[in-house]
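Peer 1: Here the protein sequences line up with chains L and C, keeping their order.
Take my numbering: the last position of the first sequence gets the number 605, and nothing is skipped along the way.
Take my numbering: the last position of the second sequence gets the number 605, and nothing is skipped along the way.
Mind looking over this structure? Questions follow.
2 protein chains.
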Amino acid sequence: MSVPAQAPNGNKLAARRLGLDTHDELVVITRRDSPVCRSEGFSAHARVRLKNGRRNIIATLYQVDSALIGLDELGLSESAWKRLGVAEGDLVHISHPQPVASLSAVRGRIYGKRLDRAQMHATINDIAAGRYADVHLAMFLSSMAARDPDDDELTDMIQAMVDVGERLEWPRDVIVDKHCVGGLPGNRTTPLVVSIVAAHDLWMPKTSSRAITSPAGTADTVETITRVDLDIPTLRSVVRAHGGCMAWGGAMRLSPVDDTLIRVERLMDIDAEGQMVASVLSKKVAAGATHLVLDVPVGETAKVRSQHDAERLAGRLETVGARFGMKVRVLITDGRQPVGRGIGPALEAHDVLAVLANADEQPKDLRARSVLLAGALLELAGVAEAGEGGPMAENALASGLARQRFEAICRAQGGLREPPVATETHDMPSAHGGVVRRFDNRRLAQVAKLAGAPGAPAAGVYLHARLGDRVERGQALYTIHAESRGELAYAREYAETNGIVTVGGEA
Amino acid sequence: MSVPAQAPNGNKLAARRLGLDTHDELVVITRRDSPVCRSEGFSAHARVRLKNGRRNIIATLYQVDSALIGLDELGLSESAWKRLGVAEGDLVHISHPQPVASLSAVRGRIYGKRLDRAQMHATINDIAAGRYADVHLAMFLSSMAARDPDDDELTDMIQAMVDVGERLEWPRDVIVDKHCVGGLPGNRTTPLVVSIVAAHDLWMPKTSSRAITSPAGTADTVETITRVDLDIPTLRSVVRAHGGCMAWGGAMRLSPVDDTLIRVERLMDIDAEGQMVASVLSKKVAAGATHLVLDVPVGETAKVRSQHDAERLAGRLETVGARFGMKVRVLITDGRQPVGRGIGPALEAHDVLAVLANADEQPKDLRARSVLLAGALLELAGVAEAGEGGPMAENALASGLARQRFEAICRAQGGLREPPVATETHDMPSAHGGVVRRFDNRRLAQVAKLAGAPGAPAAGVYLHARLGDRVERGQALYTIHAESRGELAYAREYAETNGIVTVGGEA
């Protein structure tokens, strides 16, 4: 047995960067026969503590028998590599971790106990520090789903989620924001709402996410027009100068625990109400919002499927939002079909630009939805009288003021460019004549993703028909856009073998 | 983009064995920039379906940017490699998996619905087929812990766990078995109980596990004396000839889902009552047991910590066992200190042999515990009148009949050998004189593991003092045994810095 294995303080192995993307799960790989592992009695899938100078993490251990890793090496996932802040070859100390104290409170919650403020903060801190394995995160999320958190618990959770991340402060009493609970392709209202309310002298420092499971996130769409990866100082100056921004929030660490929880929720495929509330509000509190309008599309293939669920969620958001001094207004909207014609980063960007330009071919539904949300924000923020918000918002678009503001913001963020156009397209014809009865939003999103969105920005789907339209046999219902023949063929094959748009006889 | 990526049926990559031990979690690693992944839009941590001929699995995808894996390769964990039954270079088809239907029932259970028989069987089948990621297993276990399964649900679960594995059939109406709920070092009664009841012409086809988190499992201990990795035909013939066996059950696929659930429960560190009942009974039903005696040690550092918990667990085991026509008797025993003097495979084996040989230095507590359990089995099986089981068991030991039977079984399993003896030992002295007041079973086990047990069979701890013993200052409380100086130093360092045995003043 080698010397390092003999003294507990000598449990050191040379760090090796594997370039292994495990998302934010922390993974370390060692040789099963490494002296350190043998003397420590580590087994595959054990939780181990890694220490590099002052930094330390708890990671999941996998073991190899092959020469993939050297006997004196320790391979790290990208997530672990970054958290440990190591350089190639640095000696990292590996040992048994102390039990994570907050986990016993989480276990208690499974058995019916609530988490008090201290326990909730300890839990969120440990999650932020990467001390929870995915199974622990699943245990926590399950416990919250099994017994819906009460408003106190939810408030503590949101506060804790905000506390472990960055928080934007603004020299204004009114900071507006909007959010869509999602599940609806297209519906790219954010750039329009920002431009409209900023044109009316409200401050809207909008940070958005990139797509995770959808064909496009707002950040992906805006990125086809201007730069979105702003640092916080740049974001501040853009907002101070133009009243709004459209930035990617991913790198800003606003409620970073939310991103971790969302990843595991996606794997579990659960959307517990309490968790949705904590997710939305923690991000908005961290962004410094005081007035928030929420778009909750309801439809059988949207995220929220019934009016009843939407109303319960709305009530919860408004009550808990008030705990943080946030005025929240929820708009329950039609989620039966996509909003706008484009699905995919560039195609949605073209829709946005068409609305701003008051072009003939602009998608009226996207314009209407944006006016609705912006109008609600103008009223909520006290800039417009009840009932006046809509007309004011419409006016900002019609007058071109919103467009000017949009372009000013883009230039301030790094310049204005034309979104790309796909090289490969294919029209999808209707199998028979009739009336468009139904859209499967999930499958439509899948077609856009198979076509290459969001990775290929010009890829996606462009809709020619809407619910209620009469179509002839052979008439194009939508066009698939792709940047490669392979992806086009692939998306087309899926579209041809799965019902995407339902065309029926006369009602 | 390469051709394979263009047609969905062409999504094939060459299998590469990574020798990566992820326990039974199925993991696949590809290059992030591989055309297949790009066209499929796979992201790190996605669940993917892998197909090789008729076999297919769902695995968790990790992605590398480094040259660790080739562009046209797909690296597989050992678990995935074996389930897929591939050879190096075989083309494996990778695609998006169908949603796992049973997961929606599990989600429903989190929200308060029970699983009906069909749903429970579907769930256990999917787990057995490796379709659940660890987060899904954690979700299932959390849902069962949050709302304790009723007897019907538990019965369905046990039946399903038995159905997906092998099941031993025996040409006798009475098949006895025993099990210890564990958490107590030493307590190696199984070989003694098997020998005693077999000597009284009962059949006890005992299958045991290897240590997972403890310093020794029964299989590890018996393996220092004879062979334990028997196949089912060999096991049958040993039992037919001698009435008992002491085999490793790990390779027999008796309730294989239990092993999967236990691994994740360990990570979650939960021992939900219902889960314990399902775990024990599913293994015993699969082994064909009709009469079962359970040893439930109670103590502050044992698995079951209060008399009340033990009694609830006992009631549950007896009720649900009856659903399977199994007579279950639970013995609640003293779990305050180890049973026997040895902790570690060989040291426990020496204890067992000393009892069988009626040697002077035999551990009386181990003998008494074994007589208690064997006696209870003799009575439960109707071989002994009430109150007569103990004396009959003691008699089998005293007469040497148990020893003869033990040796016959060992010879039939592959021969009888002397357990090894450690090359390195160190006595741990008492810091002061007084009476032994307390043992920390968990830390004692940790010392034995750091000394090398069970990997190093001769390693472990040998106790010289018991609760209530008066000891002098400097007198050895226990001796650490190891096979290497490094491990000895390591275990010693831990023992010296952690309170293992508490010696106090006069009561």
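Backbone N, C-alpha and C define an ideal beta-carbon position, used for all residues, glycine too.
Just so we're clear, the structure is a prediction, and the values are computed from it rather than from any experiment.
How would you list, in chain order, the residues of chain L whose beta-carbon sits under 7 angstroms from the beta-carbon of Thr305/C?
Peer 2: For this step, residue 305/C is matched to residue 207 along the second sequence. None at all; the shortest Cβ gap to chain L is about 21 angstroms.
Peer 1: Any idea if Gly390/C is buried or exposed, counting beta-carbon neighbours within 10 angstroms, 16 or more meaning buried?
Peer 2: Sequence index remark: in the second sequence, residue 390/C carries index 292 (1-based). According to the sequence shown, residue 390/C is Leu rather than Gly. Label assigned to Leu390/C: buried.
Peer 1: So what's Trp179/C in DSSP terms, helix, strand or just coil?
Peer 2: The residue you call residue 179/C lines up with position 81 of the second sequence. In the structure shown, Trp179/C sits in a helix (DSSP, three-state: H, G or I).
Peer 1: Are the beta-carbon atoms of Pro195/C and Arg147/C separated by less than 8 angstroms?
Peer 2: Counted from its first residue, the second sequence places residue 195/C at position 97. Counted from its first residue, the second sequence places residue 147/C at position 49. In contact: Pro195/C and Arg147/C (Cβ atoms closer than 8 angstroms).
Peer 1: Tell me where the beta strand (DSSP E) around Pro303/C begins and ends.
Peer 2: On the second sequence, residue 303/C is found 205 positions in, with the first residue counted as 1. Met302 to Ser306 is the extent of the beta strand (DSSP E) around Pro303/C.
Peer 1: At the level of alpha carbons, what is the spacing between Ser377/L and Ala385/L?
Peer 2: As a position in the first sequence, residue 377/L is number 279, starting the count at 1. As a position in the first sequence, residue 385/L is number 287, starting the count at 1. If you take the alpha carbons of Ser377/L and Ala385/L, they lie about 13 angstroms apart.
Peer 1: Report the rounded CA-to-CA distance for Leu252/C versus Gly372/C, giving the unit in angstroms.
Peer 2: One-based indexing of the second sequence puts residue 252/C at position 154. One-based indexing of the second sequence puts residue 372/C at position 274. Approximately 7 angstroms between the Cα atoms of the pair.
Peer 1: Taking Ala520/L and His579/L to be in contact with their CB atoms under 8 angstroms, please state how far apart those CB atoms are, rounded to whole angstroms.
Peer 2: Here residue 520/L is taken as the residue at index 422 of the first sequence, counted from 1. Here residue 579/L is taken as the residue at index 481 of the first sequence, counted from 1. Indeed, because the Cβ distance is near 4 angstroms, the residues count as touching under 8 angstroms.
Peer 1: Give a yes or no on whether the C-beta atoms belonging to Gly558/L and Gly440/L are separated by under 8 angstroms.
Peer 2: The count along the first sequence starts at 1 and reaches residue 558/L at position 460. The count along the first sequence starts at 1 and reaches residue 440/L at position 342. Yes, the Cβ-Cβ distance between Gly558/L and Gly440/L is below 8 angstroms.
Peer 1: Using a threshold of 8 angstroms, state whether the C-beta atoms of Arg465/L and Val453/L are closer than that.
Peer 2: Residue 465/L sits at position 367 when you count from the first residue of the first sequence. Residue 453/L sits at position 355 when you count from the first residue of the first sequence. Going by C-beta atoms, Arg465/L is nearer than 8 angstroms to Val453/L.
Peer 1: Which residues in chain C have a C-beta closer than 8 angstroms to the C-beta of Lys547/L? List them in chain order.
Peer 2: Locating residue 547/L in the first sequence gives position 449, counting from the first residue. By Cβ distance, chain C contributes Gly139.
Peer 1: Are there three or more Cβ pairs, one per stretch, closer than 8 angstroms when the stretch 576-594 of chain C is compared with the stretch 467-476 of chain C?
Peer 2: Contact between the stretch 576-594 of chain C and the stretch 467-476 of chain C is absent, because fewer than three Cβ pairs lie under 8 angstroms.
Peer 1: If we count Cβ pairs, one from each stretch, closer than 8 angstroms, do we get three or more for the stretch 532-550 of chain L versus the stretch 587-602 of chain L?
Peer 2: These segments touch.
Peer 1: Could you check what DSSP says for Leu514/L in three-state terms: helix, strand or coil?
Peer 2: Here the question's residue 514/L lines up with position 416 in the first sequence. Note: Leu514/L maps to coil in three-state DSSP.
Peer 1: What residues match up with Tyr560/C in a beta bridge as DSSP calls it?
Peer 2: The residue given as residue 560/C occupies position 462 in the second sequence. For Tyr560/C, which the question treats as bridged, DSSP gives the partners Gly440/C and Thr577/C.
Peer 1: What residues match up with Val391/C in a beta bridge as DSSP calls it?
Peer 2: Your numbering for residue 391/C matches position 293 in the second sequence. BP columns for Val391/C point to Lys276/C and Arg427/C.
Peer 1: In angstroms with no decimal places, state the Cα-to-Cα distance between Ala387/L and Val601/L.
Peer 2: In the first sequence, counting from the first residue as 1, residue 387/L sits at position 289. In the first sequence, counting from the first residue as 1, residue 601/L sits at position 503. For Ala387/L and Val601/L, the distance between alpha carbons rounds to 43 angstroms.
Peer 1: Who are the near neighbours of Thr431/C in its chain, counting only those whose CB is closer than 8 angstroms to its CB and skipping five residues on each side?
Peer 2: Position 333 of the second sequence, counting from 1, holds the residue named residue 431/C. Asp393, Val394, Pro395, Val396, Arg467 and Leu470.
Peer 1: Determine the DSSP secondary structure at Gln405/C, reduced to helix, strand or coil.
Peer 2: Position 307 of the second sequence, counted from the start, is the residue given in the question as residue 405/C. Helix.
Peer 1: Can you name the start and end residues of the beta strand (DSSP E) that Lys149/L belongs to?
Peer 2: Locating residue 149/L in the first sequence gives position 51, where the first residue counts as 1. Unbroken beta strand (DSSP E) run through Lys149/L: Arg145 to Asn150.
Peer 1: Contact criterion: CB-CB distance below 8 angstroms. Does Met490/L meet it with respect to chain C?
Peer 2: Taking the first sequence and counting its residues from 1, one reaches residue 490/L at position 392. No, Met490/L lies away from the interface with chain C (no Cβ there is under 8 angstroms from its Cβ).
Peer 1: Tell me the residue span of the beta strand (DSSP E) that contains Ile127/L.
Peer 2: If you number the first sequence from 1, residue 127/L lands on position 29. That run of the beta strand (DSSP E) goes Val125 to Arg129.
Peer 1: What three-state label does DSSP hand Met350/C in the structure shown?
Peer 2: Here residue 350/C refers to the residue found at position 252 of the second sequence. Here Met350/C sits in coil by DSSP.
Peer 1: Checking contacts by CB at 8 angstroms: is Arg414/C closer than that to chain L?
Peer 2: The residue you call residue 414/C lines up with position 316 of the second sequence. Cβ-Cβ to chain L under 8 angstroms: no for Arg414/C.
Peer 1: If you draw a straight line from the C-alpha of Ala103/C to the C-alpha of Glu171/C, how long is it?
Peer 2: Within the second sequence, residue 103/C is the residue found at index 5, counting from 1. Within the second sequence, residue 171/C is the residue found at index 73, counting from 1. Only weak support exists for where Ala103/C lies, its pLDDT of 38 falling under 50; the coordinates are left without a value.
Peer 1: Whole angstroms are fine: how far does the CA of Lys382/L sit from the CA of Ser306/L?
Peer 2: In the first sequence, residue 306/L corresponds to position 208, counting from 1. In the first sequence, residue 382/L corresponds to position 284, counting from 1. Distance between the alpha carbons of Ser306/L and Lys382/L is about 11 angstroms.
Peer 1: So is Gln161/L buried or exposed if we call it buried at 16+ other beta carbons inside 10 Å?
Peer 2: Your numbering for residue 161/L matches position 63 in the first sequence. By the 10 Å Cβ count, Gln161/L comes out buried.
Peer 1: How far does the beta strand (DSSP E) with Leu159/L in it reach, from first residue to last?
Peer 2: Translated into positions along the first sequence, residue 159/L becomes position 61. Where Leu159/L is concerned, the enclosing beta strand (DSSP E) stretches over Arg153 to Val162.
Peer 1: Hey, out of Val274/C, Ala400/C, Leu379/C and His448/C, whose CA is closest to Ala420/C's CA?
Peer 2: Numbered from its first residue, the second sequence carries residue 420/C at position 322. Of the listed residues, the one whose Cα sits closest to Ala420/C is Leu379/C.
Peer 1: Is Phe238/C helix, strand or coil when you go by DSSP?
Peer 2: Start at 1 with the first residue of the second sequence, and residue 238/C comes out as number 140. Helix, per DSSP.
Peer 1: Round the Cβ separation of Val274/C and Met302/C to the nearest angstrom and send it over; I've been treating them as touching at under 8 angstroms.
Peer 2: Position 176 of the second sequence, counting from 1, holds the residue named residue 274/C. Position 204 of the second sequence, counting from 1, holds the residue named residue 302/C. Yes, Val274/C and Met302/C are in contact; Cβ-Cβ is about 5 angstroms, under 8 angstroms.
Peer 1: Note down, one range per segment and in chain order, each beta strand (DSSP E) of at least 3 residues found wholly within the stretch 523-562 of chain L.
Peer 2: Counting whole runs of 3 or more residues, the stretch 523-562 of chain L contains the beta strand (DSSP E) stretches 532-537 and 558-561.
Peer 1: Tell me the DSSP secondary structure of Arg568/L in three-state form.
Peer 2: Numbered from its first residue, the first sequence carries residue 568/L at position 470. Three-state DSSP puts Arg568/L in a strand.
Peer 1: Going along the chain, which residues of its own chain have a beta-carbon closer than 7 angstroms to the beta-carbon of Ala400/L, five neighbours each way excluded?
Peer 2: Here residue 400/L is taken as the residue at index 302 of the first sequence, counted from 1. Once the five neighbours on either side are set aside, the close Cβ partners of Ala400/L are Gly281, Leu282, Gly433 and Asn539.
Peer 1: Quick one: list the residues of chain C neighbouring Gly117/L, beta-carbon separation under 8 angstroms, in chain order.
Peer 2: Here the question's residue 117/L lines up with position 19 in the first sequence. Near Gly117/L (Cβ distances below 8 angstroms), the residues of chain C are Val162, Asp163, Ser164 and Leu166.
Peer 1: Give the DSSP-derived three-state secondary structure of Arg114/L in the structure shown.
Peer 2: Within the first sequence, the letter at position 16 stands for residue 114/L. Looking at Arg114/L - three-state DSSP - the assignment turns out to be strand.
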